[in-house]
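J.: Take a look at this one; I'll ask things after.
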Amino acid sequence: MAALENKIDFAVVFAANNANPNGDPLNGNRPRTTSEGLGEVSDVALKRKIRNRLQDAGETIFVQSDDRSDDGAKSLSDRFNAYLKTLPKEEQKQKNLVFQKVCEQWLDVRAFGQVFAFKKAKDVDEVSLGVRGPVSIQAAFSVEPIAIDDVQITKSVNSETTDTGKKSSDTMGMKYRVSGRAVYATYGSISPQLAEKTGFTAEDAEKIKEALVTLFENDESSARPAGSMEVLDVVWFTHNSKSGQYSSAKVHRSVSVNVDGTVAVNGSSIPDLRYEVIEGR
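Under my numbering, the first residue of the sequence shown carries the number 31, and numbering increases by one thereafter.
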């Protein structure tokens, strides 16, 4: 596999149409907002969706959702310990070797990094290992302040029978969504220097790109009905060196996103930097 020789920056623009792109569990699961009223999707939520897309593509992922577990592991420590036991006993205590092995095993580890800090388990020593990944992604924010609809719903319909033999009353609840259409943008970068340490390759970078372009496939839920979330454009910048021609901040500032979701790149601010604009699918 080819090593990653060029720094990469990217921007992802997507829209939410009468959906809840990322609920806040500390606020009744209402769509996340900033103090200025802008909609927000956390970087953790975005990484979760990227992991899911990579998993859909057949990649081996360490941080899996409980409902998408491929190996039946009930926790991250169970998954890690099960893998560690496949290594020879003498190799399990060599941190540099374990670092290399976990990066080879799980794509999300060599992409995003991971902290392995697990207590001693049966036949496995206590583990404390940190991996710093080359792929970083920011939280996404809406282009303009959002309005939120509060909708009262029936959560269950006569689910039980009472002691008198009658049907129980319905249970009511609330559902929240972004009112109308809101456009969000997020930005990220891939560092060749960190990629060299984790073994993240140019081929892995292409997998991340594909995951971003198809970010909301197989992500349907009651909060995000099919078709309510869509990637509009991914802007993918490829520098001509490992250190990069420009800072990530300058590259990200060259991207302007309009309220209607159209994207423009100010090429005059980043001359000679190669980029492509990929329409979401």
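Cβ atoms here follow ideal geometry from the backbone N, Cα and C, with glycine treated the same way.
For Tyr113, does the three-state DSSP call read helix, strand or coil?
T.: helix
J.: Compare the Cα-Cα distances from Ala241 to each of Ala253, Asp138, Ile176 and report the closest residue.
T.: Asp138
J.: Measuring straight from C-alpha to C-alpha, what distance separates Gly229 and Asn36?
T.: 14 Å
J.: Three or more beta-carbon pairs under 8 Å between the region 92-111 and the region 132-147, yes or no?
T.: yes
J.: Mind checking which residues open and close the beta strand (DSSP E) that includes Thr228?
T.: Not the beta strand (DSSP E): Thr228 falls in the alpha helix (DSSP H), residues 222-228.
J.: With a CB to CB cut of under 6 Å and the five nearest residues on each side skipped, what residues in its chain are close to Phe246?
T.: Counting only residues of its own chain and dropping the five nearest sequence neighbours on each side, Phe246 has a CB closer than 6 Å to the CB of Met259.
J.: Taking only the alpha-carbon atoms, compute the straight-line gap between Lys239 and Trp266 and give it to the nearest angstrom.
T.: 8 Å
J.: So which of Lys115, Ile38, Phe142, Gln85 has the shortest CA-CA distance to Asp73?
T.: Phe142
J.: If you reduce the DSSP assignment to three classes, tell me which class Ile183 lands in.
T.: strand
J.: Mark Pro255 as exposed unless 16 or more other C-beta atoms lie within 10 angstroms of its C-beta, in which case mark it buried.
T.: exposed
J.: Could you check the C-alpha separation between Phe146 and Asn126 for me, to the nearest Å?
T.: 13 Å
J.: Hey, could you find the ends of the alpha helix (DSSP H) Asn126 is sitting in?
T.: 125-135
J.: Go ahead and pull the three-state DSSP assignment for Ser286.
T.: strand
J.: State the DSSP-derived secondary structure class of Glu66, mapped to helix, strand or coil.
T.: coil
J.: What is the residue span of the alpha helix (DSSP H) that Asn82 lies within?
T.: Element bounds for Asn82: 73-86.
J.: For the alpha helix (DSSP H) that contains Asp234, what are its first and last residues?
T.: 232-243
J.: Sort Ser298, Leu117, Ala75, Pro222 by Cα distance to Leu273 and report the nearest one.
T.: According to the sequence as given, residue 273 is Ser; it is not Leu. Answer by Cα proximity: Pro222.
J.: Are the region 285-300 and the region 81-89 in contact at 8 Å, needing three or more beta carbon pairs?
T.: no
J.: With DSSP collapsed to three states, give me the class of Asn57.
T.: In the structure shown, Asn57 adopts helical secondary structure according to DSSP, grouped into three states.
J.: Using the C-alpha atoms, what's the distance from Val289 back to Lys115?
T.: Straight-line Cα distance between these residues: approximately 52 Å.
J.: Using the Cβ count rule (16 or more neighbours within 10 Å means buried), how would you classify Thr216?
T.: Looking at its Cβ environment, which holds 16 or more other Cβ atoms inside 10 Å, Thr216 is buried.
J.: Using only alpha-carbon positions, find the residue among Val261, Val243, Gln144, His269 that is nearest to Ile91.
T.: Gln144
J.: According to DSSP, is Met205 part of a helix, a strand, or is it coil?
T.: Here the sequence assigns Lys to residue 205, which means Met is not the residue at that position. Strand.
J.: When you compare the CB positions of Tyr206 and Asn50, do they come within less than 7 Å of one another, or not?
T.: yes
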